[in-house]
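In what follows, a single structure is set out as structure tokens and then discussed.
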Amino acid sequence: MLSPHSSSPSMAKPTLRHRASACLADVFRFLVGSFLALLLLWTFSSFFTPSPSNFDTLHPPSDFASSSHNSQNQYPSLAYDPPDITFYDDPKLSYSIQKPIKNWDEKRRHWLKHHPSFSAGASERVLLITASQPKPCRNPIGDHLLLRFFKNKVDYCRIHGYDIFYNNALLQPEMFSYWAKLPVVRAAMIAHPEAEWIWWVDSDALFTDMEFKLPLDRYKNHNLIVHGWSHLIYERKSWTGLNAGVFLMRNCQWSMDFMDVWASMGPQTPNYEKWGQVLKSTIPDKLFPESDDQTGLVYLLYKEKEKWGNKIYLEGEYYFEGYWEEIVTTFDNITDKYREMERGGQELRRRHAEKVSEQYGVFREKYLKEAGNGKGSWRRPFITHFTGCQPCSGDHNQMYSGGSCWDGMRKALNFADNQVLRKYGFVHPDAMDPSVSEVPYDYPA
């Protein structure tokens, strides 16, 4: 029997020790609960917002800042034109070929001095120029063909870092037909003092080796480069001793003076008819009586070799420009040879960015040692020129049919286009097929 003075254990009055233990237990339970709540919250957060993996996050190299700064200094500053006086501020300056310009070398140097970002690489800077007539073509497919010819030139310039200017205006209306190129070249020299070389390429010429690059070191002592052969000029006096549809001209005073003399044979002068007679009597195989730029160039080399000849390079070692009829039939064999070459060279099959294409052109050279150059070679011809085809007017030379011209152009354009499209993962399956198919990995292993 329980005494009224006894107490039940559960009803006993707690001691100080018991109160401290209960307090610690409560604190522990609170901390554990808080930890579990935070852990649960972090788990859900990680699930819905995963942290990036190493593959997704690219960290710049340790020298990124310095390399970025240096790379900026390697490129011309297109937004910087100081207020310093240059030749552009001379009110007497004329872009017209009919008004001579003097001290051009000094004026260019002065301009480059005030635009130092253009100085680096100036000796190899090239501006390519091409052109077509102001009006639509008479040939129903002419405008389409010229568009593809122009695209080809744009592709080549983009791959090699060259600037390009397309002109379809007669800057000197009296200088028509083949003479129309000279006023454009002259104006381009003034408009582009940063360019060391002005490269004229006719509208009916295209690049059929997109990897080959101009060997500018070879021309370091010359100011005008044309495709030609000295024996045909100095021994046979032939108007086909060179071709004036493609030429490379240094942006200098010599070139300004030479163009003044060359252009003096053109239709804008009162002596145009007389010059036609002189050229016809001097160059026996000239076919027509009018004075033309190509025969005029042959005449200047033949008659004034001592004055001009030592600065003119007649390039005959490769197809600086090549006659289309002897080239087009070789494309299939060349394609087979290059495919065989790539089967034996893994570095040639490697996929790569278009921006670094020049390196793969260098890789290929060791495989081309036995290929030769020019006629009879299985190396890709550098430039194929459809002389006499007249894609815009359609008035082709009667030596061959219009069909052979247009089919030849399509084949050459697709042959060149495959070299570009492959860097984008596609090719034309056949040179005459406008469709494309995807290139498999490691093709053509």
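All residue numbers for the sequence shown refer to the numbering used here, where the first residue is 5 and numbers rise by one. Note that the Cβ used here is the ideal one computed from N, Cα and C, for glycine as well. Every value quoted in this text rests on a predicted model; they were computed, and no experiment measured them.
Could you tell me which residues DSSP pairs with N1 in its beta bridges? Since the first residue of the chain shown is 5 and the last is 449, residue 1 is not available in this structure.
Out of S81, P80, I338, K111, which has the shortest C-alpha to C-alpha gap to D94? That would be K111, whose Cα lies nearest to the Cα of D94.
Under the rule that 16 or more other beta-carbon atoms within 10 Å means buried, what is L283, buried or exposed? Classification of L283: buried, given that the 10 Å Cβ count is 16 or more.
Buried or exposed (CB count within 10 angstroms, at least 16 for buried), V431: Answer is buried; the Cβ neighbour count reaches 16.
Nearest-angstrom Cα distance between R152 and D88? Distance between the alpha carbons of R152 and D88: 42 Å.
In terms of alpha-carbon separation, which member of D340, T286, D437 lies closest to K415? Distance from the Cα of K415 is smallest, within the candidate group D340, T286, D437, for D437.
For A375 and Y166, I'd like the C-alpha separation in whole angstroms. Between A375 and Y166, the alpha-carbon positions lie close to 27 Å from each other.
Please return the same chain residues whose Cβ sits closer than 7 Å to the Cβ of G398, not counting the five positions on each side in sequence. For G398, where only same-chain residues beyond five positions count, the Cβ hits under 7 Å are R142, N143, G146, G406.
Can you tell me the Cβ-Cβ gap for W204 and I316, rounded? I've got them flagged as a contact below 8 Å. Rounded, the Cβ-Cβ distance is 15 Å, inconsistent with contact.
Counting pairs of Cβ atoms below 8 Å between the stretch 357–369 and the stretch 116–125, do you hit three or more? Cβ pair count under 8 Å is below three, so no.
Going by beta carbon distance, what residues of the same chain come within less than 8 Å of Q137, once the five residues before and after it are set aside? Around Q137: N172, C396.
I need the DSSP call for G320, collapsed to helix, strand or coil. Coil at G320, not helix or strand.
Leaving out five residues on either side along the sequence, give the residues of the same chain with a beta carbon under 8 Å from the beta carbon of L425. Only V431, H432, V440 meet the Cβ criterion.
As assigned by DSSP and simplified to three states, the class of G407: Helix, per DSSP.
Go ahead and label D434 buried or exposed: buried means 16 or more other beta carbons lie within 10 angstroms of its beta carbon, across all protein chains shown. It is exposed - the Cβ of D434 has fewer than 16 other Cβ atoms within 10 Å.
On the CB-based measure, 16 or more other CB atoms within 10 Å of its CB, does N156 come out buried or exposed? That one is buried.
Looking only at its chain, what residues have a beta carbon closer than 7 Å to the beta carbon of S81, apart from the 5 residues adjacent to it on each side? Contacts found: S121.
Does the stretch 267–286 come close enough to the stretch 329–338 to have 3 or more Cβ pairs within less than 8 Å? No: fewer than three Cβ pairs fall under 8 Å.
Distance, A135 Cα to Q423 Cα: Rounded to the nearest angstrom, the two C-alpha atoms are 24 Å apart.
Exposed or buried, what is M253 when buried is set at 16 or more other beta-carbons lying within 10 Å of its beta-carbon? Buried, by the Cβ-count rule.
So that I know if they touch, is there some Cβ in chain D lying closer than 8 Å to that of E374? The structure shown contains no chain D; it holds only a single protein chain.
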